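Peer 1: Below are the structure tokens for one structure; questions will follow.
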Amino acid sequence: MSFRGVVAYAPENMSTLGLALVSEVFTDRSHLGLPVFDLMTVTETPGLVRTDLGLTQHIESGLGRLSAAELVVLLPGGARPPAPSPAVVEAIQSAHRHGAIIAAFGAGSYLLAATGLLDGRRATTHWSLTAGLAARFPKVKVVHEPLYVDEGRLVTGAGGAAGLDMLLHLLRREHGSLVANTIARELAPYRDTKAAPLSFACRHRHRPQVPFGADLQRGHTPATNQGRDAAGSRAGLGERSADTRTAICADTDLAGLPPG
């Protein structure tokens with residue numbers, strides 16, 4: 317069953333950007349016909365939690381709320397997060413045992429690795445933290461290149477804004493491309509140009525003779541990452557660009573291409 321109940325775990329020195337990304341992705345968009353997500357933020361000791369910017373966030377809910385979560389997102393907390401308490405480890409393990417998807421990005425991958433759930437599995441984190449993650453958790457197969465690594469009910473992502481890529485991937489996987497693409501378009505920044513703006517149009521062409529999205533519009537939707545990467549390569553795009561523009565330009569109206 318596709319997740320609706322989302323719980324974000326906030327450690328001390330939590331990433332302000334990370335909390336903002338989760339909040340924006342799962343905000344109420346029922347007016348667009350999208351599913352409504354029940355988003356809650358929890359922490360080990362309810363009360364004021366300091367962020368990486370020195371701000372404080374009041375969080376009322378504790379670890380007990382993790383037991384009912386369908387998706388748990390472990391927010392990053394500091395560049396070198398300390399070992400979590402046994403209570404935090406047990407709460408995350410219990411949520412996973414009860415069927416929750418556990419996702420983490422950036423330094424949050426350290427917390428997920430500390431639970432032992434990633435032992436023998438692939439995982440990633442911010443590029444500056446991969447060596448440290450591998451050294452601290454040698455049983456985890458740390459990979460450096462991907463923006464996110466999908467291991468079923470365990471998903472990890474690189475740091476910073478790559479958390480958005482990870483969350484959109486989860487939405488696409490669990491709720492379908494329509495939901496993921498609609499949210500991606502909502503989050504796409506408006507870029508002012510001298511030309512008249514076209515709403516959400518994929519204006520830039522790395523190779524005009526091979527517009528990105530052509531394969532998608534002609535019924536050749538890549539079924540695998542390899543197929544997507546090949547389509548991106550033909551359009552002169554790297555993996556990150558191809559992934560992002562697939563999300564934003566996956567239907568005819570947005571790609572600026574005629575049907576057929």
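Each residue of the sequence shown is one higher than the last, beginning at 317 in the numbering used here. We put the CB at the ideal spot given by N, CA and C, even for glycine. Predicted model, so just to flag it, every value in this text is computed and none were measured.
Using DSSP's beta-bridge definition, name the partner residues of Leu387.
Peer 2: According to DSSP, Leu387 bridges with Val322, Ile417.
Peer 1: Just mark Arg381 as buried or exposed, buried being the case when its beta carbon has 16 or more other beta carbons within 10 Å.
Peer 2: Buried, because 16 or more other Cβ atoms sit within 10 Å of the Cβ of Arg381.
Peer 1: Considering only DSSP beta bridges, list what Ser377 is partnered with.
Peer 2: Answer is Val358.
Peer 1: Beta-carbon separation of Thr441 and Gly475 under 8 Å?
Peer 2: Going by C-beta atoms, Thr441 is nearer than 8 Å to Gly475.
Peer 1: Leaving out five residues before and five after Thr357 in sequence, what residues of the same chain have Cβ atoms less than 6 Å from its Cβ?
Peer 2: Excluding sequence neighbours, Thr357 sits near Ala324, Ala326, Ile375.
Peer 1: Decide if Glu386 is buried, meaning its Cβ has at least 16 other Cβ atoms within 10 Å, or exposed.
Peer 2: Label assigned to Glu386: buried.
Peer 1: On a CA-only basis, which of Leu333, Ala429, Glu340 is nearest Ala500? Give me that one, please.
Peer 2: Ala500 has its Cα closest to that of Glu340, out of Leu333, Ala429, Glu340.
Peer 1: Excluding the 5 residues flanking His460 on each side, which residues of the same chain have their C-beta closer than 8 Å to its C-beta?
Peer 2: Excluding positions up to five away in sequence, the list reads Thr440, Trp443, Thr446.
Peer 1: Sort Arg437, Pro402, Leu337 by Cα distance to Glu360 and report the nearest one.
Peer 2: Considering only alpha carbons, the answer is Pro402.
Peer 1: Tell me whether Thr431 is buried or exposed, calling it buried when 16 or more other Cβ atoms sit within 10 Å of its Cβ.
Peer 2: Thr431 is buried by the Cβ-count criterion.
Peer 1: Would the stretch 411-418 and the stretch 384-400 be scored as touching if the rule is three or more Cβ pairs under 8 Å?
Peer 2: Touching, yes, given that three or more Cβ pairs across the two stretches are closer than 8 Å.
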